[in-house]
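Asks: The structure is given below, and queries will be raised subsequently.
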Amino acid sequence: MPITWRNVDAPTATGASRILDSAGRSFDKGIGSLSNLANQITNIRTSNQRNDNRINTENALSGIAGLDTFAGLDQARQSGQFENLPQGTDLKAVRQALANRGNVIDDTLNKEFQFDQRVTKRDEFGRRQELEGLIAQGDFAGAEAVNATLGNQATGANAIAGAQRSNLLQQRADTKYREDRQFQQGTEQRQANALQAQFDNDKALIDHQNRLINAPKETTGAKGSTQTLGHLDRLETAVPNETVFGNILPFGDAGSDSGGAPGRALVAKGIRALEKEFGRQVPAEFTGIAVDNVLGSLTGEDDTIGATDNSYSPDDVIAEIRSYMEQNTKADASIRNRASELEKNRQQLNTNLDRINKNRATRFPSL
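In the working numbering, the protein residues as written are 255 to 621.
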């Protein structure tokens, strides 16, 4: 059997080496953690010690701050209370506070003394103010009671006596002044009443006149037109069996553009022209008066119209109405002027009344 040769690989330690490396790193890490833990423990102990020292120092300083009398301060020094302190206490700060405590106590006592003095002065000042207030109110019995609590009673007694005299004189002066003012007020009130009565009478008169003038403006609607037409109908029916105004009113002379137009239409046209000219409606009573005048002239007392009298036309009716409108306009202007004067009187009256009431409220608030 022939002999053959084969290469054999040498053994390797790669896996074991890796394990050893990992173990080494873990060991180093553990040593580092232990070192950090030791440092943390040291820091905690140091911090606790510092905190204890601070607390001990604060306790000692608080005890010194609680000493508010010289007797207590001397006793603390003699007992050595602030000498045997725990280790770590800031003895320098404690001794400095103990040395300065005497000055603090002295300053505090001085401030308390000054405060007590201010309180005393304030209380007495308050009582003096109360005394002055009672004197001003006329409560002299109360003022004497307060004055008895003051150190200097003579000043208060003199003030009370002087106030009593002044009060008596003032009462007499007030009584005289009130009597004079009541008399003057009565006189002014009578004058005001007279002015008011005059104004009321004038106003009633002007209101009545205004109603007479303005009534046609307010009532001339369907009713006014009906009344006006009624007056013209009466004029038309005065001539039996004829059209408006019949033969006695010449239509052509009235300016009609339709030849035989009824006279009533001509009168109505003239009335509209008058209303435009005077700026107001023609009152129904004016047309009635005009028709009465025309009929009276035509008929006489028995209202019998002459069949041959052709001297009246619609223009006559319009002329009558115009005459009354002109008189009414003049009366209206006169009344308006009178109304303006009354308004001025009313304003002056109100001014006088306001002045009287203000004087009464200011000088006699209790009346």
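Ideal Cβ placement from N, Cα and C applies to all residues, glycine included.
Please report the distance separating the alpha-carbon of residue 363 from that of residue 354.
Replies: Within the sequence shown, residue 363 is the residue found at index 109, counting from 1. Within the sequence shown, residue 354 is the residue found at index 100, counting from 1. Taking the straight line joining both Cα atoms gives about 15 Å.
Asks: If you pair each beta-carbon of the region 337-351 with each one of the region 307-322, do three or more pairs fall below 8 Å?
Replies: Cβ pair count under 8 Å is three or more, so yes.
Asks: Checking 8 Å against the spacing of the C-beta atoms, do residue 449 and residue 606 come in under that value?
Replies: Taking the sequence shown and counting its residues from 1, the one referred to as residue 449 is at position 195. Taking the sequence shown and counting its residues from 1, the one referred to as residue 606 is at position 352. Yes.
Asks: Report the CB separation of residue 340 from residue 305 in whole angstroms; it is logged as a contact under 8 Å.
Replies: Locating residue 340 in the sequence shown gives position 86, where the first residue counts as 1. Locating residue 305 in the sequence shown gives position 51, where the first residue counts as 1. The Cβ separation is near 13 Å, so there is no contact.
Asks: Got a sec? Which residues, its chain only, sit under 7 Å from residue 609 by beta carbon, not counting five neighbours each side?
Replies: Residue 609 sits at position 355 when you count from the first residue of the sequence shown. Taken in chain order, the list of residues that qualify is empty.
Asks: When you compare the CB positions of residue 400 and residue 381, do they come within less than 8 Å of one another, or not?
Replies: In the sequence shown, residue 400 corresponds to position 146, counting from 1. In the sequence shown, residue 381 corresponds to position 127, counting from 1. In this structure, residue 381 lies closer than 8 Å to residue 400 by Cβ.
Asks: DSSP three-state label for residue 337, please.
Replies: Residue 337 sits at position 83 when you count from the first residue of the sequence shown. Note: residue 337 maps to coil in three-state DSSP.
Asks: State the Cα-Cα distance for the pair residue 323 and residue 395, rounded to the nearest angstrom.
Replies: Position 69 of the sequence shown holds residue 323. Position 141 of the sequence shown holds residue 395. Approximately 46 Å between the Cα atoms of the pair.
Asks: Taking all protein chains shown into account, decide if residue 392 is buried (16 or more other Cβ within 10 angstroms of its Cβ) or exposed.
Replies: Here residue 392 corresponds to residue number 138 of the sequence shown, with the count starting at 1. Exposed, since its Cβ has fewer than 16 Cβ neighbours within 10 Å.
Asks: Does DSSP put residue 363 in a helix, a strand or coil?
Replies: The residue you call residue 363 lines up with position 109 of the sequence shown. Residue state, collapsed to three classes: helix.
Asks: In angstroms with no decimal places, state the Cα-to-Cα distance between residue 444 and residue 591.
Replies: As a working note, residue 444 is residue 190 in the sequence shown. As a working note, residue 591 is residue 337 in the sequence shown. Rounded to the nearest angstrom, the two C-alpha atoms are 28 Å apart.
Asks: If I measure Cβ to Cβ from residue 526 and keep anything under 6 Å in the same chain, skipping five residues before and after, which residues do I get?
Replies: Numbered from 1 along the sequence shown, position 272 holds the residue referred to as residue 526. For residue 526, where only same-chain residues beyond five positions count, there are no Cβ hits under 6 Å.
Asks: Compute the Euclidean distance between the alpha carbons of residue 604 and residue 520, then round it to the nearest angstrom.
Replies: By one-based count along the sequence shown, residue 604 stands at place 350. By one-based count along the sequence shown, residue 520 stands at place 266. Their Cα atoms are separated by approximately 53 Å.
Asks: Put residue 622 into one of helix, strand or coil per three-state DSSP.
Replies: A query on residue 622 cannot be resolved here, the shown segment of the chain reaching from 255 to 621 and no further.
Asks: What residues in its chain sit with their C-beta under 6 Å from that of residue 580, if we drop five residues either side in the sequence?
Replies: Along the sequence shown, one-based indexing puts residue 580 at 326. Cβ neighbours of residue 580 beyond the five flanking positions: none.
Asks: State the Cα-Cα distance for the pair residue 314 and residue 294, rounded to the nearest angstrom.
Replies: Within the sequence shown, the letter at position 60 stands for residue 314. Within the sequence shown, the letter at position 40 stands for residue 294. Roughly 30 Å separates the two Cα atoms.
Asks: Taking just the CA atoms, how far does residue 429 sit from residue 437?
Replies: What you label residue 437 is simply residue 183 of the sequence shown in a count that begins at 1. What you label residue 429 is simply residue 175 of the sequence shown in a count that begins at 1. Each residue's alpha carbon lies about 12 Å from the other.
Asks: What is the rounded straight-line gap between the Cα of residue 575 and the Cα of residue 531?
Replies: Indexing the sequence shown from 1 puts residue 575 at position 321. Indexing the sequence shown from 1 puts residue 531 at position 277. Roughly 12 Å separates the two Cα atoms.
Asks: Helix or strand or just coil, what does DSSP make of residue 536?
Replies: Mapped onto the sequence shown, residue 536 falls at position 282. Residue state, collapsed to three classes: coil.
Asks: Taking the alpha-carbon positions, what's the residue 332 to residue 368 distance?
Replies: Taking the first residue of the sequence shown as 1, we reach residue 332 at position 78. Taking the first residue of the sequence shown as 1, we reach residue 368 at position 114. Cα-Cα distance, rounded: 31 Å.
Asks: Straight-line CA distance for residue 583 to residue 432?
Replies: Within the sequence shown, numbered from 1, the residue matching residue 583 stands at position 329. Within the sequence shown, numbered from 1, the residue matching residue 432 stands at position 178. Each residue's alpha carbon lies about 55 Å from the other.
Asks: Taking the C-alpha atoms as reference points, what is the distance between residue 390 and residue 440?
Replies: Position 136 of the sequence shown, counting from 1, holds the residue named residue 390. Position 186 of the sequence shown, counting from 1, holds the residue named residue 440. Taking the straight line from one Cα to the other gives about 32 Å.
Asks: Whole angstroms is fine: what's the gap from residue 427's alpha carbon to residue 435's?
Replies: Taking the sequence shown and counting its residues from 1, the one referred to as residue 427 is at position 173. Taking the sequence shown and counting its residues from 1, the one referred to as residue 435 is at position 181. Near 12 Å, if we compare the C-alpha coordinates of residue 435 and residue 427.
Asks: Let me know the secondary structure DSSP gives residue 321 once reduced to three states.
Replies: Taking the first residue of the sequence shown as position 1, residue 321 is located at position 67. DSSP places residue 321 in coil when its eight states are reduced to three.
Asks: Which of the three DSSP states, helix, strand or coil, is assigned to residue 343?
Replies: Within the sequence shown, the letter at position 89 stands for residue 343. Residue 343 falls in the coil class under three-state DSSP.
Asks: Given that a residue counts as buried once 16 or more other Cβ atoms are within 10 Å of its Cβ, and exposed if not, what is residue 524?
Replies: Residue numbering aside, residue 524 sits at position 270 when the sequence shown is read from its first letter. Buried is the call here.
Asks: Pull up the distance between the alpha-carbon of residue 312 and that of residue 365, whole angstroms please.
Replies: Along the sequence shown, read from residue 1 onward, the residue named residue 312 stands at position 58. Along the sequence shown, read from residue 1 onward, the residue named residue 365 stands at position 111. Answer to the nearest angstrom: the Cα atoms are 26 Å apart.
Asks: Taking the CB atoms as reference points, tell me whether residue 453 and residue 611 lie closer together than 8 Å.
Replies: In the sequence shown, the residue the question calls residue 453 occupies position 199. In the sequence shown, the residue the question calls residue 611 occupies position 357. Contact flag unset, no.
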